[in-house]
Structure formats: C-alpha cells, structure tokens
Amino acid sequence: MSKTERTYIMVKPDGVQRGLVGAIIARFEQRGFKLIALKLVQATTEHLELHYADLKGKPFFPGLIKYMASGPVVAMVWEGLDAVKTGRVMLGATNPLASAPGTIRGDYALAVGRNICHGSDAVDSAEKEIKLWFPEGLTQYSHSQENWIFE
Ligand code: UDP
Ligand code: MG
1 MSKTERTYIM
11 VKPDGVQRGL
21 VGAIIARFEQ
31 RGFKLIALKL
41 VQATTEHLEL
51 HYADLKGKPF
61 FPGLIKYMAS
71 GPVVAMVWEG
81 LDAVKTGRVM
91 LGATNPLASA
101 PGTIRGDYAL
111 AVGRNICHGS
121 DAVDSAEKEI
131 KLWFPEGLTQ
141 YSHSQENWIF
151 E
C-alpha cells in the first residue's frame with residue numbers, strides 16, 4: 001500500500017555551486033510532491049557527522065564530511081505518496097555511473113564523491129534527518145493541487 005510520507009532531500013555543495021538547485025526542486029514539484037520545508041545552510045562538521053553517523057568508520061567518511069562542509073547545502077522536506085522510496089528512485093544510484101538517465105544523478109553527475117543530492121533511505125531515517133535539519137519544526141499549509149494529484 002502506498003502511504004503519504006515525508007522525505008529529507010538535500011542539494012549537496014556541488015549541486016549548489018553548479019546551479020542545479022532549481023532543476024532538482026522542479027523535479028520534485030513537477031512530480032506532485034508538496035514542499036514542506038526549505039533552507040540554505042552552511043553545515044558544521046559536527047552536524048554533518050550526525051547526519052552521516054551510520055557511515056562513521058568507512059574509508060570515505062573524512063572526505064565525505066569535508067565535501068559536505070565545503071559550501072552551503074539546500075535542505076528540503078518533500079511530502080507525498082511513497083516519498084522516501086520515490087525520492088530515492090528519482091535520485092538514482094549512489095554511484096552516478098550506475099544511475100539511469102532520467103534520474104538526478106544519472107543526468108547531472110559522474111563521481112560517487114560528487115553526486116550532488118541526498119535523499120533519505122527509509123522512513124525512520126527520514127524522520128531522524130528531518131528533526132536534525134529542521135529542529136525549529138515545519139510549516140503547515142494546504143496544497144491547492146492536492147485534488148488533482150491524488151484520487
Ligand atoms: N560515498 C562516497 N564513496 C563511496 C560511497 C559513498 O564518497 O564509496 C558518499 C556519496 O556522496 C554518498 C554518501 O557518501 O552519497 C553517502 O553514502 P550512502 O551509502 O548513504 O549513499 P546514498 O544514500 O547517498 O546514495
Ligand atoms: Mg544514504
């Protein structure tokens with residue numbers, strides 16, 4: 001059964017520098033997802049280590065944290081049917097070379113360490129990531145297109 005979910009999507013520093021913020025937002029908007037939260041943030045190393053806590057100990061971890069702290073990121077929350085799984089499909093594979101054309105990484109990236117966008121991998125990690133990046137809470141509003149996107 002499809003469920004309404006929220007996912008945490010983040011344009012990484014390379015995506016911001018390469019001017020891909022609008023293109024990435026447009027894909028989620030056009031698919032019918034509802035924008036719940038959005039901000040530009042220069043994340044600290046400590047904050048990024050919490051975000052990627054599960055990967056601590058991996059050989060690429062120090063480089064990943066340095067990359068993610070190298071400039072501002074765009075933090076977003078998107079809501080809709082199967083938002084977590086669908087967001088991952090829209091992103092493509094972790095390694096852009098293995099990502100199909102038509103996916104964000106498959107269209108805009110080549111290197112695993114510069115793959116321009118993050119998306120939560122499960123509903124519970126989405127909840128954790130949303131709390132970590134938006135401790136101030138989220139805005140509530142109704143989306144005028146809802147009745148045209150859902151049965
Ligand atoms: N990463 C990397 N080298 C690797 C695997 C991952 O640099 O061999 C980076 C890459 O930017 C990836 C991030 O670490 O997006 C987080 O890894 P994860 O396995 O969670 O991939 P994701 O969930 O982002 O697809
Ligand atoms: Mg991940």
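FYI, the UniProt record's numbering numbers position 142 of the sequence shown as 142, with every residue one higher than the one before it. Cβ atoms here follow ideal geometry from the backbone N, Cα and C, with glycine treated the same way.
Would you report the Cα separation of Leu91 and Leu132, rounded to the nearest angstrom? Residue mapping note: residue 91 aligns to position 91 of the sequence shown, counting from 1. Residue mapping note: residue 132 aligns to position 132 of the sequence shown, counting from 1. If I take the Cα positions, the gap works out to 21 Å.
With distances taken from CA atoms, which of Ala26, Leu35 and Ser2 is nearest Tyr141? The count along the sequence shown starts at 1 and reaches residue 141 at position 141. Comparing Cα positions, the closest option is Leu35.
Ordered along the chain, which non-local residues of its own chain (more than five positions away) have a Cβ less than 8 Å from that of Ile65? For the purposes of this step, residue 65 is taken as the residue at position 65 of the sequence shown. Within the same chain, Ile65 has close Cβ partners Thr45, Leu48, Glu49 and Tyr52.
With DSSP as the reference, label Glu29 as helix, strand or coil. Counted from its first residue, the sequence shown places residue 29 at position 29. It is helical.
Where does Ile149 land, buried or exposed, given buried means 16+ other C-beta within 10 angstroms? Here residue 149 refers to the residue found at position 149 when the sequence shown is read from its first residue. By the neighbour-count rule (16 or more Cβ atoms within 10 Å), Ile149 is not buried but exposed.
Taking C-beta to C-beta, are Val84 and Ala122 nearer than 9 Å? Looking up residue 84 in the sequence shown gives position 84. Looking up residue 122 in the sequence shown gives position 122. It is a contact, given that the beta carbons lie within the stated cut-off.
Output needed for Val16: all residues of its chain with C-beta closer than 7 Å, excluding positions within five of it in sequence on either side, in chain order. Your numbering for residue 16 matches position 16 in the sequence shown. Cβ neighbours of Val16 beyond the five flanking positions: Gly71, Pro72, Val73 and Val74.
For Met90, three-class secondary structure by DSSP: Numbered from 1 along the sequence shown, position 90 holds the residue referred to as residue 90. Of the three classes helix, strand and coil, the one that applies to Met90 here is helix, per DSSP.
Alpha carbon to alpha carbon, what distance is there between Ala111 and Phe61? For the purposes of this step, residue 61 is taken as residue 61 along the sequence shown, with counting starting at 1. For the purposes of this step, residue 111 is taken as residue 111 along the sequence shown, with counting starting at 1. Answer to the nearest angstrom: the Cα atoms are 15 Å apart.
Please name the residue in Gln145, Pro59 and Trp78 whose C-alpha comes closest to that of Ile24. For the purposes of this step, residue 24 is identified with residue 24 of the sequence shown, where counting begins at 1. Comparing Cα-Cα distances from Ile24 to each of Gln145, Pro59 and Trp78, the minimum goes to Trp78.
Look up Gly80 in the DSSP assignment and give the residues it is bridged to. Within the sequence shown, residue 80 is the residue found at index 80, counting from 1. The partner list for Gly80 (beta bridge, DSSP) reads Glu5.
Roughly how many whole angstroms lie between the Cα atoms of Gly80 and Lys39? Residue mapping note: residue 80 aligns to position 80 of the sequence shown, counting from 1. Residue mapping note: residue 39 aligns to position 39 of the sequence shown, counting from 1. Straight-line Cα distance between these residues: approximately 19 Å.
So what does DSSP say about Ala75, is it helix, strand or coil? Here residue 75 is taken as the residue at index 75 of the sequence shown, counted from 1. Here Ala75 sits in strand by DSSP.
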